[in-house]
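Protein sequence lines correspond, in order, to chains A and B.
Just so we're aligned, residue 5 is where the first sequence starts under the working numbering, counting upward by one.
Just so we're aligned, residue 622 is where the second sequence starts under the working numbering, counting upward by one.
Cβ atoms here follow ideal geometry from the backbone N, Cα and C, with glycine treated the same way.
Just so we're clear, the structure is a prediction, and the values are computed from it rather than from any experiment.
The block underneath contains the structure these notes are about, expressed in structure tokens.
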Amino acid sequence: MGLRVKVLALLVLAMFAALTTRLWFLQVLASEELKREAADNAVRLIEVPAPRGVIKDANGTLLVQNRGSVVITINRQELGDQTESVLLDLSELLDMPADELGARLDDPRYYAFSPIPVATDVPKRVAYFIKEHQEEFPGVDVLSVPVRRYPLGSAGAHVLGYLGQISKAKLKDPGFADYSPGDVIGVSGIEGIYERYLAGTRGLVKYRVNSIGENLGLIGRQRPVAGDDVWLTLDAGTQQLAEDSLKAGIQHARTVVESDSGYLKANAGAAVVLDPRTGAIEAMASFPTFDPALFTRGFSQEEFERRFGAGHSYPLLNRAIQGQYPPGSTYKPFVAASALQRDIVTTGQSYGCPPSWTAPFDQSDPAAMQYVFNNWTTANLGFMNLSTALARSCDTVFYPMGYRYWDMFYVNDEEVANGVTSHEPLQHDLGSFGFGAQTRIDLPFEQDGRVPTAEWKQSIHDQYPQSFPEGEWFPGDFILMTIGQGDTLVTPLQLAAAYGALENDGKECVPHVLDRVVAPDETVVRDYQQNCRKHVRIDDKYLTYVRDALTGTMTGSGTAAAAFAGFPFNDVWVAGKTGTAEVPPKQDYSWFAAMTAAGGQEHVVVVLVEQGGHGATTAAPIARHIIEGLYGLDFSQFTDVAGTD
Amino acid sequence: MELATGRVVAGERHAFRHIDPILLAAAIGLAVIGLFAIYSATHQSLAAVHLDPGRFVKRQLTFLAVGAVVLMLAVSFDYRLLKVYAGMIYVSSLVLLVLVRTPFGTSVKGAQRWFELFGFQLAPSEIAKLALVAMLAAFLSELRGDLTLQDVFRTAGLAAIPAFLVFLQPDLGSSIVFAAILVGMLVVAGTRARYLLVLALTAVVLIVAGFQVGLVREYQIERLQAFLDPTSVSADALHNREQAEIAIGSGGLTGVGFGKGSQTNLDFVPEQHTDFVFTVIGEEFGFMGSVVLLGLYGILLWRAFRVALLSRDPFGTYLAAGIASMFALQMFVNVGMNVGIMPITGIPLPFVSYGGSSLLLNLASVGLLLNVHMRRFV
């Protein structure tokens, strides 16, 4: 029996040997590393988000500020096989369909590993319930996060932009090296373009923590630096005015039946108000608009499509800078100015305004064809000078000018060879007004517009022979350009800037929405330096002539006379131009561009309404409404105006 | 008759002179280390919730005082009386194990293991351990000749009943202790190696069957998996292991000093005053402290085996061997899980871990060892 006890004792001895060996390994051999791990364990670095700068209008009215929101996030990877039950429980708590919650989880804007906010501004009661029953909600987190607040609702949404998670492409950009996946960043508008000022610098806090992450005291801290405030040139009142006018005008347009296409669809539009002396944007509206506050949570693809898709005419699009449209007759003043400068027309001559004009057959060119170009009205308006041709928007006065650009410059190699002029002086002059290139406004995703040239036509034909079956440059290209059709495209902002140059004696200012950036300590970090230059090489007398001619649009037999009936022109100077752009197979696009001045104020107002019919029908009354608001005049009602170009 | 009584009384008086001071000192030494470790592990957390930082130490001291009385009681009678009552004690302990599953018992952390008594918790599984030792000692000491396979299975059956009952609580750790007591005592009884093998195979088959019918709880499987394949389990289980190892390893050779362990102070190790109390010693007293602790266990077990060898009858030998097996296995599994070489099971570190039932029964066991030791000449 003694032996057996010793056997047992030997077994026990082996146990001691095993434990001692293991302790030697842990406490002597691996000790250094484990000591380091223990040190790391006890210290936690917490990033402290910097308060994002606010956005204010020219008068200091808050357009965007911050507030705390209780947000429920779901981490897809932690949900596991409990997805269904968790979503059902949540849907009951939040009074939201589980399908919708589930769909938000599929939001492609988020990474698989990052928590997706599925509900914002959750009631405290729900937040506490989830916290208390955390084990029933794996992967569900309740956070208080700072989110953007928009005191004026959707006003200026397109200019202000919205926030979202940083994209994979941006993360690869070395300029955004300090951002991590899941970080929130300005995606569009001012939020996007002045991200660097608004974001501030995040802080770090070093805590001692215990195993469940409870804070046991501060070790060190690096305070976050609040973002800078951005002051805009935008005027909240004017912005609201432009948006309200645009919306009211569009709603009225939908009650109007024009020609044979039935009710006007008037599905979308844009309005720009700027000060031509500085380029400051006072209002920039795009219809339909959206609520930027929605972007504080995730969307299902279906919801995103439903809210921001074709069914709602893509409300996220800022049509003022991203929409490209044929300018129609609003282009004519610039063509007229060029034609005067190039001696194609004169101020003293009279021109016939027949219902149609036929391009001359060119004997020397067997390929040339004969074209008939119609005026916007079938009536013969008789003879008129250039000024009246602008006021009445006579197409058949402008068509021959286009042919002359062909005749005098394009095919006349001799003069071009002598260096007297370029091949395409019309395009050159239009370009000097800023057409065909970005205005360089401080907003992202601005479009170029298009001033077609022979070279462009050939290259686009080579690239897309299906969509552009013709690569050769014809007289018709010049002819259609004179009335702002053909391949010509402008953005509403480009048109506004060009009218600004017209009002400002040829001096064009780069449009801008930034006024200044102010640091939290009130120092001005950046003050917008206006950038005004005289690119336009057209004599002042011609610019003045055209500008004066456009006052004729507003009265008498001018195309906007009906729309501006009863307007106090003695108090407020207004010169403008209607435009009716053909975009087949759609209904006509309605344009109005106006220059106004009174009491030391100067403004350019440009309004576009897609499928809004004639310029005088929809866009001109909207512009009138905005002008009335700008000068504190009594508002006129939106009424049916006879369709003139 | 008179004479006989006088002899016994004289023997009794004589017996107390043969008490084993080394065994007693080792047990007391372990308990004192335990008090320090419990204080270090708990005082900050208690203070954080505005409770007396000495709360757990004071309670453990109370248990020690009660334990001292229990120890003296265990020494006071002739251990051979135990052989007579072993069956009754064994059956009573089984009844308690069943009763604890009824509304009489209290559920803590999902396991029904305790009786609530005067504000203290009494774990019948602890009583059952000692009851089993006594039962098996009584049973084995009655067997004559070499153990047959049938004897082995009958002995195993006696251990299997309480092992199964505590397993249902669920308390896998205590089941393992019952198994260890059985194996240790069978070895001392001279069971042939191949019988032990047959027994082991049977146990494996039964455990696998237990898996199949769902008797084994998910978290038990998880803990075993955590041990076998650290990548397969939940972050939680892995976290416990890692934190325990970090605590012990960061102690280094000499430890960071009493009350200075960051792992300990910041609550990184779960259950640190009970199952993971060894991490406090490892972190704050280092390899040296750990070895001192193991050394005390070494002394305790050496003396226990010595008692087994010195015992005047097989019952005493079995009793001592069973107790030694119980101590050794609990020490090994507990320290083993702290250092990451054994799966995590709820086994306290004898004499050191906070907990009344375990301490009382361990002290009672020491009392029985002393009892056998001092009556070796009687």
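CA nearest to the CA of residue i, picked from the options
{"i": "A/Val529", "options": "A/Asn535, A/Val521 and A/Cys536", "result": "A/Val521"}
{"i": "A/Phe478", "options": "A/Tyr375, A/Ser426 and A/Pro448", "result": "A/Tyr375"}
{"i": "B/Phe774", "options": "B/Val954, B/Leu807, B/Pro745 and B/Gly903", "result": "B/Leu807"}
{"i": "B/Phe760", "options": "B/Met963, B/Thr885, B/Gly937 and B/Ser986", "result": "B/Gly937"}
{"i": "A/Tyr154", "options": "A/Ala502, A/Phe294 and A/Val608", "result": "A/Phe294"}
{"i": "A/Thr350", "options": "A/Phe639, A/Leu83, A/Lys545 and A/Leu109", "result": "A/Lys545"}
{"i": "A/Thr65", "options": "A/Leu236, A/Glu51, A/Leu92 and A/Val75", "result": "A/Leu236"}
{"i": "A/Gly327", "options": "A/Gln498, A/Pro572 and A/Ile59", "result": "A/Gln498"}
{"i": "A/Val151", "options": "A/Ile325, A/Lys251, A/Val514 and A/Pro296", "result": "A/Pro296"}
{"i": "B/Met963", "options": "B/Arg701, B/Ile797 and B/Tyr918", "result": "B/Ile797"}
{"i": "A/Glu586", "options": "A/Leu612, A/Ala564 and A/Tyr532", "result": "A/Leu612"}
{"i": "A/Gly302", "options": "A/Leu637, A/Val122, A/Asn63 and A/Val90", "result": "A/Val122"}
{"i": "A/Val234", "options": "A/His137, A/Thr495, A/Gly204 and A/Phe299", "result": "A/Gly204"}
{"i": "B/Glu866", "options": "A/Asn416, A/Gln431, A/Pro142 and A/Glu37", "result": "A/Glu37"}
CB contact check: residue i to chain B, cutoff 8 Å
{"i": "A/Gln86", "result": "no"}
{"i": "A/Met19", "result": "yes"}
{"i": "A/Lys39", "result": "yes"}
{"i": "A/Val613", "result": "no"}
{"i": "A/Glu139", "result": "no"}
{"i": "A/Arg8", "result": "yes"}
{"i": "A/Leu12", "result": "yes"}
{"i": "A/Ser35", "result": "yes"}
Beta-carbon contacts of residue i that lie in its chain and below 8 Å, excluding the five residues immediately before and after
{"i": "B/Ile802", "result": "Lys750, Leu753, Val754, Leu757, Ala780, Gly943, Ser946, Met947 and Leu950"}
{"i": "A/Ala383", "result": "Pro359"}
{"i": "B/Ile782", "result": "Leu715"}
{"i": "B/Leu982", "result": "Glu747, Ile748, Lys750 and Leu751"}
Cutoff 8 Å: residue i Cβ touching any chain A Cβ
{"i": "B/Gly1000", "result": "Nothing about residue 1000 of chain B can be reported from this structure: the residues present for chain B run from 622 to 999 only."}
{"i": "B/Ser911", "result": "yes"}
{"i": "B/Phe799", "result": "no"}
{"i": "B/Thr776", "result": "no"}
{"i": "B/Gly650", "result": "no"}
{"i": "B/Gly872", "result": "yes"}
{"i": "B/Gln884", "result": "yes"}
{"i": "B/Gly937", "result": "no"}
{"i": "B/Val973", "result": "no"}
{"i": "B/Ser755", "result": "The sequence given here places Ala at residue 755 of chain B; Ser does not occur at that position. Not closer than 8 Å to any Cβ of chain A, the Cβ of B/Ala755 fails to qualify, so no."}
{"i": "B/Ile962", "result": "yes"}
Residues near residue i by beta carbon distance below 6 Å, same chain, minus five either side
{"i": "A/Asn322", "result": "His162 and Ser290"}
{"i": "B/Leu980", "result": "Phe684 and Gly688"}
{"i": "B/Gln742", "result": "Trp735"}
{"i": "B/Pro674", "result": "His664, Leu667 and Ala668"}
{"i": "A/Ser249", "result": "Ile626, His629 and Ile630"}
{"i": "B/Tyr660", "result": "Val678"}
Residue i - partner residues in DSSP beta bridges
{"i": "A/Cys536", "result": "A/Cys513"}
{"i": "A/Phe377", "result": "A/Trp361"}
{"i": "A/Ala274", "result": "A/Ser290 and A/Leu612"}
{"i": "A/Ser594", "result": "A/Thr584 and A/Val613"}
{"i": "A/Arg225", "result": "A/Val209"}
{"i": "A/Lys269", "result": "According to DSSP, A/Lys269 bridges with nothing at all."}
{"i": "A/Tyr355", "result": "A/Met388"}
{"i": "A/Glu606", "result": "A/Ala601"}
{"i": "A/Tyr198", "result": "Per DSSP, none; premise fails for A/Tyr198."}
{"i": "A/Trp28", "result": "In the DSSP output, where bridge partners are listed per residue, A/Trp28 has none listed."}
{"i": "A/Ala284", "result": "A/Asp279 and A/His516"}
{"i": "A/Ser148", "result": "A/Val74"}
7 Å CB neighbourhood of residue i in its chain, flanking five on each side removed
{"i": "A/Glu51", "result": "Arg206 and Leu208"}
{"i": "A/Arg628", "result": "Ala567, Phe568, Phe571 and Ser640"}
The segment 969–984 of chain B in contact with the segment 645–656 of chain B per 3-pair CB rule at 8 Å
At 8 Å Cβ cutoff, the stretches touch.
Is there contact between the segment 250–259 of chain A and the segment 481–500 of chain A, where contact requires at least three CB pairs shorter than 8 Å?
With a cut-off of 8 Å, the segment 481–500 of chain A and the segment 250–259 of chain A do not count as touching, because too few Cβ pairs lie within range.
Touch test, the segment 603–619 of chain A against the segment 265–284 of chain A, Cβ-Cβ under 8 Å, three pairs minimum:
When C-beta atoms of the segment 603–619 of chain A are compared with those of the segment 265–284 of chain A, three or more pairs fall below 8 Å, so the two segments count as touching.
Check whether the segment 507–518 of chain A touches the segment 429–448 of chain A, counting contact only when three or more Cβ pairs, one atom from each stretch, lie closer than 8 Å.
By the Cβ rule, the segment 507–518 of chain A counts as touching the segment 429–448 of chain A, because three or more pairs are nearer than 8 Å.
Do the segment 184–196 of chain A and the segment 165–172 of chain A make contact, defined as three or more Cβ pairs closer than 8 Å?
At 8 Å Cβ cutoff, the stretches touch.
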